[in-house]
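There are 2 protein chains.
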Amino acid sequence: MGKSASCFADVLSEFAKLTDAERQAVERLEERQREIRRGTLLQCANEPSSEMFILRKGLMMSYVLLDDGSRQILRFLFPGDMLGLPGVIYTEAPETLCALSDCTVCPFDRSALSELLTEQPRVGALILILSQIERVALTDRLAILGRTSAKVRVGALLLEMRDRLCTTDKNITDSFTLGLTQEEIGDATGLTSVHVNRMLRQLEEEGFIRRENGRVTLTDEAALARTANYVNRYQGLQLGWLLPAR
Amino acid sequence: MGKSASCFADVLSEFAKLTDAERQAVERLEERQREIRRGTLLQCANEPSSEMFILRKGLMMSYVLLDDGSRQILRFLFPGDMLGLPGVIYTEAPETLCALSDCTVCPFDRSALSELLTEQPRVGALILILSQIERVALTDRLAILGRTSAKVRVGALLLEMRDRLCTTDKNITDSFTLGLTQEEIGDATGLTSVHVNRMLRQLEEEGFIRRENGRVTLTDEAALARTANYVNRYQGLQLGWLLPAR
DNA sequence: CGCTCCGTTGAGGCTCATCAAATTCTGTGG
DNA sequence: CCACAGAATTTGATGAGCCTCAACGGAGCG
């Protein structure tokens, strides 16, 4: 694979071979590049926004704050993800985008997206597919939050993080550094950090995981996936029908 | 408005004026039409599916069953909605589509979508926008499930249902028939039907709503919306930048 | 060296689930 | 039109799961 000129083109290529023209058009989204520090906000909920981003390096999250002060993390964002589309279609962004580590992002104007969609319809179709994958991942989390116990929620988060980290770093198998505080895990799973702590401990005691200073090892991945109804939504796709070979 | 040849074209027209060619292409999705009875399943989770639908009349839902037997309702579906896209991009559908009332649906093959996307890029862009609106509605629900009390969850569901019913029936203001059992409300909000019952009663006692055999009246909509952080995601859109007038 | 952030642990209380049963509503066939 | 069966709603009692509050230890950093 190596360092491609475009992270996002690499993601799209997983689903369909791009023509040269398509690849060039996609690469234009990543012409500019910006380094941001951990904690930086790229977009703020309830504020106007006209920029979007491709995340090139690092870990980010999107979240909302409710007015009792509690936070719900909606999604973790990984290299190759396109960020901020919901923000630019509304007059006020529905969510906040925040860097969880130092990151590299490529900002682009919404007009760049508009051009890309109208001039490269196949790319538009692939972006729609990505949007649907994200949708399904969100509905999975909805079911987890609505219908499962704290222990299962934490386990499901670990599985999802592992799988998403894998797409960036193919070396990862069952051991990885999470890069999240227990409070962040709690805000993603609808729990308090205190209870997350107890659940991690319990998962460890019951032999599902092992922990050594920030590093997590899944020791019984199959059992974890079974209790959490977990499915990796970046696999099992069938897109042959969508884009005729040309 | 009147009876247009295409429900879906009417939805798209809310966001951008369609050309004649675009409208015709969209109308092709609704060439066939099928009446289905309450309880009919159009698509089953974990089974292959190659068909999609436009819902023309009635109320449907999508849900998943966890293997402890509990059900999470993911989304309620209203006339003008496109159904089943997540189902056709995966080899096995991620969710079940079920009719909550007698419905009229227009089935179409996935190749019809493929053609539409490649031949009418602006329509593709609009479908992407619809997909993003749905995404934001889902993240709103994620925050509700993760971070709010049972009472707020039920209140938020009432508000959302009212707003979605409004787009079909412009007469509705603050009073409407919900068309859901308390068990269904529970499965959508992550509660038991017993607790939904108590919350409805409490909302009534506290003057937020009134109920008369299946009909709900929102008597203090503003307060309800405030406590639930509710935003109607079909409003507040800004799409002028997306599709150049032609 | 002190400060802050994060993880850890304990005690107690509230919210919501569970179980059970009575009552009302709905629809269907006689 | 009525009788009946099944579904949906309502209510109560009990307890589990998770939150809240509080305190302490350790790691990183100025």
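Here the protein sequences line up with chains A and B, keeping their order. Counting from 1, one number per residue, gives the positions in the first sequence under the numbering used here. Counting from 1001, one number per residue, gives the positions in the second sequence under the numbering used here. Just so it is clear, CB atoms sit at the ideal spot from N, CA and C, and this is done for glycine as well.
N-terminal and C-terminal residue of the alpha helix (DSSP H) that residue i is part of
{"i": "B:Gln1202", "result": "1193-1205"}
{"i": "A:Leu116", "result": "110-119"}
{"i": "B:Lys1057", "result": "Run containing B:Lys1057: none in the alpha helix (DSSP H); it sits in the beta strand (DSSP E), 1051-1057."}
{"i": "B:Thr1189", "result": "1182-1189"}
{"i": "B:Arg1226", "result": "1221-1227"}
{"i": "A:Ser6", "result": "Where A:Ser6 is concerned, there is no enclosing alpha helix (DSSP H), given that its DSSP letter is neither H nor E."}
{"i": "B:Leu1165", "result": "1150-1168"}
Unbroken beta strand (DSSP E) run spanning residue i, endpoints
{"i": "B:Ala1099", "result": "1096-1099"}
{"i": "A:Gln24", "result": "Here A:Gln24 belongs to no beta strand (DSSP E); instead the alpha helix (DSSP H) covers 20-27."}
{"i": "A:Leu85", "result": "No beta strand (DSSP E) contains A:Leu85, which is instead part of the alpha helix (DSSP H) from 85-89."}
{"i": "B:Leu1042", "result": "1041-1043"}
Residues that residue i contacts on chain A, provided the C-beta gap is smaller than 8 Å
{"i": "B:Ser1111", "result": "Trp241"}
{"i": "B:Asn1232", "result": "Ordered by position in chain A, no residue passes the 8 Å Cβ test against B:Asn1232, which lies about 11 Å from the chain."}
{"i": "B:Gln1132", "result": "Leu85, Pro86, Ile89, Ser131"}
{"i": "B:Leu1178", "result": "Simply none; closest approach about 19 Å."}
Under 8 Å by beta carbon: chain B residues contacting residue i
{"i": "A:Ile249", "result": "The question about residue 249 of chain A has no answer, for chain A in this structure spans 1 to 246."}
{"i": "A:Ala225", "result": "Here the premise fails: no neighbours, minimum Cβ distance about 12 Å."}
Per-residue contacts from residue i into chain B (C-beta, under 9 Å)
{"i": "A:Val136", "result": "Pro1086, Ile1089, Tyr1090, Pro1094, Glu1095"}
Nonlocal neighbours in the same chain, by C-beta distance under 8 Å from residue i, ignoring five residues either side
{"i": "B:Gly1084", "result": "Leu1042, Gln1043, Ser1049, Glu1051, Met1052, Phe1053, Ala1093, Leu1097"}
{"i": "A:Ala125", "result": "Leu242, Leu243"}
{"i": "A:Gln33", "result": "Arg56, Thr104, Val105, Cys106"}
{"i": "B:Thr1168", "result": "Phe1078, Pro1079, Gly1080"}
Neighbourhood of residue i by C-beta distance below 7 Å, restricted to the same chain and skipping five residues each side
{"i": "A:Asp279", "result": "Look at the range of chain A in this structure, 1 to 246, and you will see that residue 279 of chain A is not part of it."}
{"i": "B:Gly1155", "result": "Leu1203, Phe1208, Leu1224, Thr1227, Ala1228"}
{"i": "B:Cys1166", "result": "Ile1172"}
{"i": "A:Pro121", "result": "none"}
{"i": "A:Asn232", "result": "Asp163"}
{"i": "A:Glu119", "result": "Ala25"}
{"i": "A:Val11", "result": "Gly80"}
{"i": "B:Leu1138", "result": "none"}
{"i": "A:Thr91", "result": "Pro48"}
{"i": "A:Gly179", "result": "Leu59, Leu100, Ser101"}
DSSP bridge partner residues for residue i (one or two, in chain order)
{"i": "A:Thr104", "result": "A:Glu35, A:Lys57"}
{"i": "B:Thr1177", "result": "B:Arg1215"}
{"i": "A:Ser62", "result": "A:Arg75, A:Leu97"}
{"i": "B:Arg1147", "result": "None; B:Arg1147 has no bridge partner."}
{"i": "A:Ile209", "result": "A:Leu218"}
{"i": "A:Leu12", "result": "Answer is none; A:Leu12 lacks a bridge partner."}
{"i": "B:Asp1237", "result": "It should be noted that the sequence gives Leu, not Asp, for residue 1237 of chain B. According to DSSP, B:Leu1237 bridges with A:Tyr90."}
Beta-carbon proximity list for residue i, same chain, < 6 Å, skipping 5 on both sides
{"i": "A:Ile144", "result": "Arg153, Ala156"}
{"i": "A:Arg23", "result": "Ala9"}
{"i": "B:Ala1192", "result": "Checking the sequence, you will find Thr at residue 1192 of chain B rather than Ala. So the qualifying residues of the chain are Gly1186."}
{"i": "B:Ile1030", "result": "Looking at the sequence provided, one finds Glu at residue 1030 of chain B rather than Ile. Excluding residues within five positions, the ones whose Cβ falls inside 6 Å are Ser1006, Ile1054, Cys1106."}
{"i": "B:Val1136", "result": "Arg1233"}
{"i": "B:Arg1215", "result": "Thr1177"}
{"i": "B:Met1061", "result": "Ile1073, Phe1076, Cys1098, Leu1100"}
{"i": "A:Thr19", "result": "none"}
{"i": "A:Arg71", "result": "Tyr63, Leu65, Asp187"}
Where residue i meets chain B, residues with beta-carbon distance less than 7 Å
{"i": "A:Gly146", "result": "Gln1072, Leu1145, Gly1190"}
Cross-chain neighbours of residue i in chain A, by beta carbon under 7 Å
{"i": "B:Arg1122", "result": "Thr118"}
{"i": "B:Asn1229", "result": "Leu66, Asp67"}
{"i": "B:Gly1236", "result": "Tyr90, Thr91, Glu92"}
{"i": "B:Leu1142", "result": "Gln72, Leu74, Leu138, Arg141, Leu142, Leu145"}
Neighbour list for residue i in chain A, Cβ cutoff strictly below 9 Å
{"i": "B:Thr1139", "result": "Ser62, Val64, Gln72, Leu74, Arg75, Pro86, Pro94, Glu95, Leu138"}
{"i": "B:Ser1114", "result": "Ala125, Trp241, Leu242, Leu243, Pro244"}
Residue i: CB within 7 Å of a non-hydrogen atom of the ligand SAH
{"i": "A:Tyr234", "result": "As for the ligand SAH, it is missing from this structure, which has no ligand bound."}
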